[in-house]
Each structure stands twice: as structure tokens, then as C-alpha cells.
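Trainee: Residue numbers (this note's numbering), protein chains in the order written: chain D, 139 to 314; chain F, 139 to 314.
Cβ coordinates follow ideal geometry from the N, Cα and C atoms, glycine included.
Protein chains: 2
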Amino acid sequence: MDRLIEVFRQEGFEGASLARLQDASGLKRSSLYHRFPAGKNDMACAVVAEVTNRFGTTILAAASTDEPLEDRINEIGRNLVSFYDDGHLPCLLDTMSIGQPAGDLADLLEQAMTTWISVLAGLSRDAGHSRSDAQVRATDAVASIQGALVVARTTNNHNAFERAIALLPERLLQRD
Amino acid sequence: MDRLIEVFRQEGFEGASLARLQDASGLKRSSLYHRFPAGKNDMACAVVAEVTNRFGTTILAAASTDEPLEDRINEIGRNLVSFYDDGHLPCLLDTMSIGQPAGDLADLLEQAMTTWISVLAGLSRDAGHSRSDAQVRATDAVASIQGALVVARTTNNHNAFERAIALLPERLLQRD
DNA sequence: GTCTATACGACGATAGAC
DNA sequence: GTCTATCGTCGTATAGAC
Numbered sequence: 139m140d141r142l143i144e145v146f147r148q149e150g151f152e153g154a155s156l157a158r159l160q161d162a163s164g165l166k167r168s169s170l171y172h173r174f175p176a177g178k179n180d181m182a183c184a185v186v187a188e189v190t191n192r193f194g195t196t197i198l199a200a201a202s203t204d205e206p207l208e209d210r211i212n213e214i215g216r217n218l219v220s221f222y223d224d225g226h227l228p229c230l231l232d233t234m235s236i237g238q239p240a241g242d243l244a245d246l247l248e249q250a251m252t253t254w255i256s257v258l259a260g261l262s263r264d265a266g267h268s269r270s271d272a273q274v275r276a277t278d279a280v281a282s283i284q285g286a287l288v289v290a291r292t293t294n295n296h297n298a299f300e301r302a303i304a305l306l307p308e309r310l311l312q313r314d
Numbered sequence: 139m140d141r142l143i144e145v146f147r148q149e150g151f152e153g154a155s156l157a158r159l160q161d162a163s164g165l166k167r168s169s170l171y172h173r174f175p176a177g178k179n180d181m182a183c184a185v186v187a188e189v190t191n192r193f194g195t196t197i198l199a200a201a202s203t204d205e206p207l208e209d210r211i212n213e214i215g216r217n218l219v220s221f222y223d224d225g226h227l228p229c230l231l232d233t234m235s236i237g238q239p240a241g242d243l244a245d246l247l248e249q250a251m252t253t254w255i256s257v258l259a260g261l262s263r264d265a266g267h268s269r270s271d272a273q274v275r276a277t278d279a280v281a282s283i284q285g286a287l288v289v290a291r292t293t294n295n296h297n298a299f300e301r302a303i304a305l306l307p308e309r310l311l312q313r314d
């Protein structure tokens with residue numbers, strides 16, 4: 139599954155050919171179809187669901203510890219740096235949302251993105267911001283990370299990504 | 139050319155099949171090869187070059203008028219809203235940078251992105267910021283737009299895009 | 001310059017042996 | 001559950017008539 143994730147993450151849905159998925163997984167085509175009867179679309183959905191699950195349990199879980207608020211955010215930041223390998227790896231939600239994804243895949247992508255934003259919004263609310271203010275802050279914080287990954291991918295400059303992570307506490311907590 | 143641009147912009151390099159390019163352009167395969175002898179890669183490079191050129195002359199040109207600084211930035215913002223259709227259209231630099239683009243294509247994408255950032259950095263410098271500070275501000279401003287487009291595409295919520303545009307003057311000009 | 005026709009490999013997907 | 005073998009289609013690319 140790790141290998142499948144990497145292929146979809148790096149190549150997007152169209153670029154993730156069965157040949158690549160086969161080579162990466164070490165399984166033959168037919169074996170992949172045995173596990174994912176509906177074919178490539180099944181694999182894509184499983185990959186997105188799995189990544190969403192991992193993202194929740196390994197990156198965002200730090201949001202609901204009993205540590206101080208800012209520590210929790212910094213922990214999430216460190217987790218994100220690791221998850222995106224300092225900005226060297228693209229976001230699955232970006233690469234998989236190119237073109238017109240099938241309905242169920244699009245739903246999974248939307249749910250993953252909104253969940254991410256909601257968790258960060260919860261942290262912002264904990265700092266005393268209103269519901270709508272927290273939602274805006276969380277959305278813009280996630281967008282700053284997504285945008286930094288796009289800039290990093292096109293320019294090979296990862297400074298923007300590091301700044302987006304470093305600015306997370308400020309973006310979510312700071313009073314205007 | 140307009141139609142070719144739309145296909146690459148929406149589908150990315152892998153998703154932009156010759157069938158789609160043929161249908162969109164109204165030309166047959168062979169006619170496309172007559173104009174782009176090296177095939178799809180040629181088309182992709184021509185599309186990126188053309189968009190980069192248009193972006194410079196129709197969006198970023200507003201940076202070097204003799205209007206007040208903030209007016210120039212707001213004009214660029216309005217141009218961007220139009221260019222991205224209020225966040226409904228993806229950025230070519232995002233969709234085309236998925237996977238591993240061929241060397242010359244990657245160079246064009248990088249140049250387009252760095253030029254965009256440089257122009258905004260020039261505006262920030264005009265406001266009195268240092269070269270490095272201006273570079274940071276411009277990079278983060280572009281990233282905020284790119285990220286907002288990714289969020290918009292996955293969630294069908296375009297508010298983040300509108301905010302990224304509205305915050306352009308502040309991001310480029312404001313003293314900390 | 002644009003067309004019809006076609007080459008040929010890669011694509012996603014399936015059948016059936018083990 | 002995994003494999004080999006194969007299907008039909010779509011992919012990029014080319015040849016040659018008009």
C-alpha cells in the first residue's frame with residue numbers, strides 16, 4: 139500500500155498507470171485486480187482513504203492531546219514537515235484532484251481536505267476565535283501549505299514551505 | 139491555441155490526450171503534428187510559453203504603470219480574479235508540474251513561476267522593503283493564491299481564493 | 001496545411017491455470 | 001492469491017493523398 143500511495147501521490151491519477159502500480163507494488167496486474175476488483179479507480183479510492191486515515195492518526199492526532207495549545211500546533215507542524223519531506227513531496231489531494239475525478243473519488247478528496255481544515259479550525263477556536271474566524275484562519279493556513287508545495291515543486295525552492303509551517307501558530311492563534 | 143491551453147490547464151500533461159487536444163482544437167492529429175513536430179511535448183511547451191507571455195502582458199503588466207502602488211496591486215488582483223475565473227479554473231503551473239515533466243517543460247514552468255514572484259517582489263520593494271523581505275512576501279503571496287486554488291478545486295469553496303486576492307496589498311506592502 | 005489511413009506500443013481490464 | 005496469457009481500446013506518432 140505504501141508503494142501504491144507513492145505512485146498516485148507523485149504521478150496523479152492519470153499518470154499512475156497500472157504498469158507503474160504493478161512495478162511499485164511488486165504484484166502482477168491480476169493480483170492488483172484481485173484486491174481492487176473495480177480496478178484503478180478502486181485503488182485510487184483506497185489510497186486516498188488510507189492516506190486520509192494515516193494523516194488523521196499520525197499528523198492531526200496531535201491536535202487533541204492535553205499539551206498546551208501552541209505545543210500541539212508546533213507538533214502538527216513537525217509532523218507535516220515529515221509527511222511532506224520538507225516540501226519535497228507533493229500533496230495527494232493536489233495531484234489527485236487534477237482533471238475530473240470520479241464522483242466517489244472527488245468526495246473522498248473533499249472530505250479529506252475539509253477534515254484537515256476542521257481540525258485546525260478547532261485549534262483556532264480553542265484560542266478563543268469565533269467559529270467563522272477560526273474557519274477562515276484554518277482554511278488559509280492549509281492553503282498556505284498547499285501553495286507552498288506547488289511553488290516548491292515548480293521552483294525547487296522549499297523556503298516557502300518551511301515558512302508556512304513556521305507560521306502555523308501565528309496564523310491559527312494570533313489576534314489581529 | 140486557446141482551446142489547447144484549456145485542455146492542458148484542466149487535465150494536466152498526462153490527462154491531455156491527443157484525442158482531447160484534437161477535439162478541442164478542431165484540427166486533426168496530423169495537423170497538430172504539422173504545427174508541433176515534436177508532438178505533445180511541443181504542444182505543452184508552446185502552451186506554457188504562450189500562457190506565460192499572456193500572463194505577463196495582461197496580468198502583470200499592471201505592475202509597471204504609473205498609478206499609485208496600491209492601485210497597481212489591486213489591478214493585478216482584479217486581473218487574477220478574471221484569469222482564474224474567481225477560483226474556478228486551476229493554474230497551469232500546478233497541473234502541468236505533476237509527475238516528472240520533461241527538462242525543457244520543467245524549465246518553462248520554473249521560469250514562469252519565478253517571473254510571477256519577481257514582479258510581485260518588485261512591487262514590495264517599491265514599498266520600501268528589502269530585497270530579501272520583498273522576495274519572501276511575493277513568494278508567500280503567490281503561494282497563498284496557488285494554495286487557495288487547490289483548496290477551491292477539492293472543496294468547491296472559493297472563499298479562500300477571494301481572500302488571497304483581497305489580501306495581496308497587505309501581504310506585499312504592510313509593515314510588520 | 002489539412003486530411004484519411006494506419007502503425008504499434010501502452011493502456012485498463014479479464015480469463016483461467018496453478 | 002498469485003501467476004501467465006490475452007483481449008479490446010486508446011495512446012502517441014507517421015505516411016502519403018489532396
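#1: For D/P206, is the classification buried or exposed, using 16 other Cβ atoms within 10 angstroms of its Cβ as the cut-off for buried?
#2: Taking only beta-carbon atoms, is D/G153 less than 8 Å away from chain F?
#3: Please say whether F/A279 and F/L306 have beta carbons closer to each other than 8 Å?
#4: Find the residues of chain F that neighbour D/T203, judging by a C-beta separation of less than 7 Å, and give them in chain order.
#5: Below 8 Å between beta carbons: does that hold for D/V289 and D/A298?
#6: Exposed or buried, which one is F/P239 when buried takes at least 16 other CB atoms within 10 Å?
#7: Report the residue ranges of all alpha helix (DSSP H) runs contained in full by the segment 254-305 of chain F; include only those spanning at least 4 residues, in chain order.
#8: In the structure shown, what three-state DSSP assignment does F/S202 receive?
#9: Quick check: the Cα distance between F/R216 and D/S163, rounded to an integer number of angstroms?
#10: Report the rounded CA-to-CA distance for F/A154 versus D/M139, giving the unit in angstroms.
#11: With hydrogens ignored, establish whether the beta-carbon of D/H296 is closer than 7 Å to any heavy atom of the ligand SAM.
#12: Going by C-alpha to C-alpha distance, which of F/G177, F/I236, F/M251 and F/Y171 sits closest to F/N191?
#13: Using a C-beta to C-beta distance shorter than 9 Å, which residues of chain F count as neighbours of D/R141?
#14: Which residues in chain F sit within 7 Å of D/R291, going by Cβ to Cβ distance?
#15: Return the chain-ordered ranges of every alpha helix (DSSP H) run that is complete within the segment 177-221 of chain F and spans a minimum of 4 residues.
#16: Compare the C-beta of F/A298 against all C-beta atoms of chain D and say whether one is closer than 8 Å.
#17: Out of curiosity, what's the CA-to-CA distance linking D/T293 and F/Q249?
#18: Using only CA atoms, which one of D/F146, D/R158 and D/R269 lies nearest to D/V185?
#19: Have a look at D/G177 and D/L170 and give me their C-alpha separation to the nearest angstrom.
#20: Determine, using beta carbons only, whether F/D224 comes closer than 8 Å to chain D.
#21: Around the C-beta of F/L156, are 16 or more other C-beta atoms found within 10 angstroms, so that it is buried, or is it exposed?
#22: Taking the alpha-carbon positions, what's the D/S255 to D/L230 distance?
#23: Given a limit of 8 Å on CB to CB distance, which residues of the segment 268-285 of chain F reach chain D?
#24: Tell me the rounded alpha-carbon separation between F/S268 and D/R313.
#25: Quick one: list the residues of chain F neighbouring D/G150, beta-carbon separation under 7 Å, in chain order.
#26: Using only CA atoms, which one of D/L165, D/V274 and D/I303 lies nearest to F/R301?
#27: When the cut-off is 8 Å and only beta carbons count, does F/V181 lie next to chain D?
#28: Mapping the DSSP letters down to three states, classify D/G164 as helix, strand or coil.
#29: F/I303 to F/G266, Cα distance in whole Å?
#30: Find the residues of chain F that neighbour D/V288, judging by a C-beta separation of less than 8 Å, and give them in chain order.
#31: Is it the case that the Cβ atoms of F/P228 and F/Q148 are separated by a distance below 8 Å?
#32: Of the choices F/E308, F/I283 and F/I236, whose alpha-carbon is the least far from that of D/P150?
#33: Looking at F/L218 and F/I143, is the spacing between their C-beta atoms short of 8 Å?
#34: What is the DSSP secondary structure of F/M251, counted as helix, strand or coil?
Mentor: From the atom records:
#1: exposed
#2: yes
#3: yes
#4: The contacting residues do not exist; D/T203 stays about 26 Å from chain F at best.
#5: yes
#6: buried
#7: 269-293 and 297-304
#8: helix
#9: 47 Å
#10: 28 Å
#11: With respect to the ligand SAM, the structure shown offers nothing to examine, as it has no ligands at all.
#12: F/M251
#13: None at all; the shortest Cβ gap to chain F is about 17 Å.
#14: S235
#15: 178-192 and 207-221
#16: yes
#17: 8 Å
#18: D/F146
#19: 8 Å
#20: no
#21: exposed
#22: For clarity, residue 255 of chain D is Ile in the given sequence; the question names Ser instead. C-alpha separation (whole angstroms): 15 Å.
#23: V274, T277, D278, V280, A281, S282, I283, Q284 and G285
#24: 26 Å
#25: G150, E152, I236 and G237
#26: D/V274
#27: A small fix is needed here, since residue 181 of chain F is Met in this sequence, not Val. No, because no Cβ of chain D sits closer than 8 Å to the Cβ of F/M181.
#28: coil
#29: 21 Å
#30: C229, L231, D232, S235, A281, Q284, G285 and V288
#31: yes
#32: Checking the displayed sequence, the identity of residue 150 of chain D turns out to be Gly instead of Pro. The residue with the shortest Cα to Cα distance from D/G150 is F/I236.
#33: no
#34: helix
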